[in-house]
Amino acid sequence: MLFKIDGSSTVKATQAIVFSFLTNPRSIGECFPDIQSLEVLDAETFKAKVKTGISYIKGAFDFKFNFIEKQAPIKATLKGHGTGRGSAIDLITKMELKEIEGGDTTVNWAAEARISGTLVAVGSRIVETAAGKLITLLFINVRNQLER
């Protein structure tokens with residue numbers, strides 16, 4: 245099953261600060277909703293165990309993420325692969341940053357996910373809705389951290 249989700253968020257911080265935060269494995273990793281553990285492997289790569297609960301499939305997924313593109317302070321692409329509960333998720337999230345009037349930054353993001361295994365049995369509408377909520381929460385958490 246393949247689906248795409250996109251959105252945007254405005255952050256009260258400069259483009260350089262937002263880019264630095266989004267491309268720091270520890271910073272972005274700690275913003276994942278329901279994160280259980282985080283291991284930073286290097287400046288580009290991190291592992292995360294994330295608790296999930298979609299319909300009757302509940303448990304944790306083990307992800308490995310790496311930045312496959314960084315063009316400071318304009319855009320970055322984060323690629324992830326996760327497994328758990330008899331399923332696999334491949335995710336690519338593209339983030340484009342634009343500084344706007346007043347020194348704030350708009351982050352436009354687009355995520356593409358390919359899901360296989362038992363999660364497919366849940367149905368695309370339920371999975372897409374749940375994934376959309378998780379990605380939206382991630383960017384809300386990013387905004388909250390940067391605006392503290």
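Just so you know, we're using this note's numbering here: the sequence shown kicks off at 245 and counts up by one. A virtual CB, placed ideally from N, CA and C, is assigned to each residue, including glycine. Since the model is a prediction, treat every value here as computed from it, not as a measurement.
**Asked** From which residue to which residue does the beta strand (DSSP E) around residue 313 run?
**Response** 301 to 315
**Request:** Please determine if the region 376 to 392 and the region 284 to 291 are in contact, where contact requires at least 3 C-beta pairs separated by less than 8 Å.
**Result:** no
**Prompt:** So, are the CB atoms of residue 295 and residue 280 less than 8 Å apart?
**Reply:** yes
**CB-CB length for residue 262 against residue 390, believed under 8 Å** = 6 Å
**Prompt:** Apart from the five residues just before and just after residue 331, which ones in its own chain have a Cβ nearer than 6 Å to its Cβ?
**Reply:** 361, 362 and 363
**Message:** Tell me which residues share the same chain as residue 366 and place their Cβ nearer than 8 Å to its Cβ, disregarding the 5 neighbours each side in the sequence.
**Reply:** 298, 299, 300 and 301
**Message:** According to DSSP, simplified to helix, strand and coil, what is residue 258?
**Reply:** coil
**Beta carbon of residue 350 nearer than 8 Å to that of residue 254** = yes
**residue 387, enclosing alpha helix (DSSP H) - first and last residue** = 368 to 390
**Asked** If you check the beta carbons only, do residue 353 and residue 342 fall under 8 Å apart?
**Response** no
**Prompt:** Thinking C-beta only, is residue 312 closer than 8 Å to residue 321?
**Reply:** yes
**Item:** Alpha carbon of residue 249 to alpha carbon of residue 335, nearest angstrom
**Value:** 11 Å
**Asked** Among all the DSSP beta bridges, which residues are the ones paired with residue 350?
**Response** 254 and 342
**Asked** What number of angstroms, rounded off, separates the C-alpha of residue 373 from the C-alpha of residue 267?
**Response** 26 Å
**Rounded C-alpha distance that separates residue 375 from residue 247** = 10 Å
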